[in-house]
Structure formats: structure tokens, C-alpha cells
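What follows is a short report on a single structure.
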Amino acid sequence: MLTSASGRCSKTLADPPVGATYRVVWTLSAVVDLEEILSYLAAEGGTDAARTTYEGIRAAIGSLTALPHRCRRIPELRQIPSLEYRELIFRNYRLMFRIDQEKVVLLGVLDARRDLEEMLIRRATLWNDKDER
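Once you know that position 92 of the sequence shown is 91 in numbering that gives the first Met the number 0, the rest is easy, because the numbers rise by one and skip nothing.
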């Protein structure tokens, strides 16, 4: 189940026409993030917890094929005006992405309970198309 606070995933005037679809592309850093999360969950909570989380994250990411603009901009990166990174919240995880024409580039899957500002600013300078899978 997707959870979001007010305004995190809301329709804006800049949304594309209804019915527009996007292809989701995973970056290497997003794949590594997810693998680390699942390894931790499997070790601490068992394979069922890891599997349930994996399925939920995949479903949440799959929802980005339609209306990815509904998701809020990443607050920690607003100080970098030329970058428009967005996020979708799933449970305790922040699914971070950018929209590039007809594709959604998944940049990271991060634990929302961590202090992420410095890490996000550092990552934002490194995220680019060369990291796509």
C-alpha cells in the first residue's frame, strides 16, 4: 500500500495528458540500494519480510509509468534549482527519480528514517544517464 502525506503525490498543472505512459529505467545505484535493503531485511526479519517489501517497492515503482508528476519534488534538493528530482514514498522508503521525456529514471531507494540531506546533494551531482540499466 502506498502511503503519502498531503501534497506528496498530487496532480499539478504541468501534468502530461491523461493516458501518457512512461518507461521506468533503474540506475545502478537504485539497484544496489534495493539489494542492500533486501539483504538487511532478510537477515533481520526473514525472507518473507524481504519478499513483501520487494513486491511493494516494485508495485510502487510500477505506478510511476502513469502520472509520475503527481509526486513531490525532493525537499532536500530544492536548493539546486536546475534539478527536478521527485520522490514517491512507500512505507519507510523514498523512491527517488527524475522524469526524462518519456521515461522515469529511478535514482535511489533510500530509508526515509535516515538523515539524507548531505547524501542526496552528493548523489544528485553524480546521477546521470550513464548510470542507467
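Every residue, glycine too, gets a C-beta built ideally from N, C-alpha and C.
Inset, instruction - Count the other C-beta atoms from every protein chain shown that fall within 10 angstroms of the C-beta of D32, then say buried if there are 16 or more, exposed otherwise. - result: For the purposes of this step, residue 32 is taken as residue 33 along the sequence shown, with counting starting at 1. Looking at its Cβ environment, which holds 16 or more other Cβ atoms inside 10 Å, D32 is buried.
Legend entry - Three-state secondary structure (DSSP) of G44: As a first step, residue 44 is located in the sequence shown; it is residue number 45 there, counting from the start. Secondary structure at G44: helix, using DSSP grouped into helix, strand and coil.
Legend entry - Inter-residue spacing [alpha-carbon to alpha-carbon] between Y39 and R57: Locating residue 39 in the sequence shown gives position 40, where the first residue counts as 1. Locating residue 57 in the sequence shown gives position 58, where the first residue counts as 1. Here the alpha carbons of R57 and Y39 stand approximately 17 Å from one another.
Legend entry - Outcome for E101 when other beta-carbon atoms lying within 10 angstroms are tallied against a minimum of 16: Residue numbering aside, residue 101 sits at position 102 when the sequence shown is read from its first letter. Classification of E101: exposed, given that the 10 Å Cβ count is below 16.
Legend entry - Beta carbon of Y53 nearer than 8 Å to that of V103: Stepping through the sequence shown from its first residue, residue 53 is reached at position 54. Stepping through the sequence shown from its first residue, residue 103 is reached at position 104. It is not a contact, given that the beta carbons lie outside the stated cut-off.
Inset, instruction - In the DSSP assignment, find the unbroken beta strand (DSSP E) run with I73 in it and report its ends. - result: As a working mapping, residue 73 is identified with position 74 in the sequence shown. Here I73 belongs to no beta strand (DSSP E), and DSSP marks it neither H nor E.
Inset, instruction - Could you tell me which residues DSSP pairs with Y92 in its beta bridges? - result: Taking the first residue of the sequence shown as 1, we reach residue 92 at position 93. Beta-bridge analysis with DSSP links Y92 to F89, D110.
Inset, instruction - Kindly list the residues whose CB is nearer than 7 Å to the CB of G107, restricted to its own chain and excluding five residues on each side of it in sequence; keep chain order. - result: Within the sequence shown, residue 107 is the residue found at index 108, counting from 1. Answer for G107: S28, A29, D32, M95, R122, listed in chain order.
Inset, instruction - Please classify K10: does DSSP put it in a helix, a strand, or coil? - result: Indexing the sequence shown from 1 puts residue 10 at position 11. Any reading at K10 needs caution, since the residue's pLDDT is 40, under 50, leaving its predicted position unreliable; the model's value is listed next. K10 falls in the coil class under three-state DSSP.
Inset, instruction - Could you tell me which residues DSSP puts in a beta bridge with Y39? - result: For the purposes of this step, residue 39 is identified with residue 40 of the sequence shown, where counting begins at 1. Bridge partners of Y39: none, in fact.
Inset, instruction - Put E116 into one of helix, strand or coil per three-state DSSP. - result: For the purposes of this step, residue 116 is taken as residue 117 along the sequence shown, with counting starting at 1. Here E116 carries a helix assignment [DSSP, helix/strand/coil].
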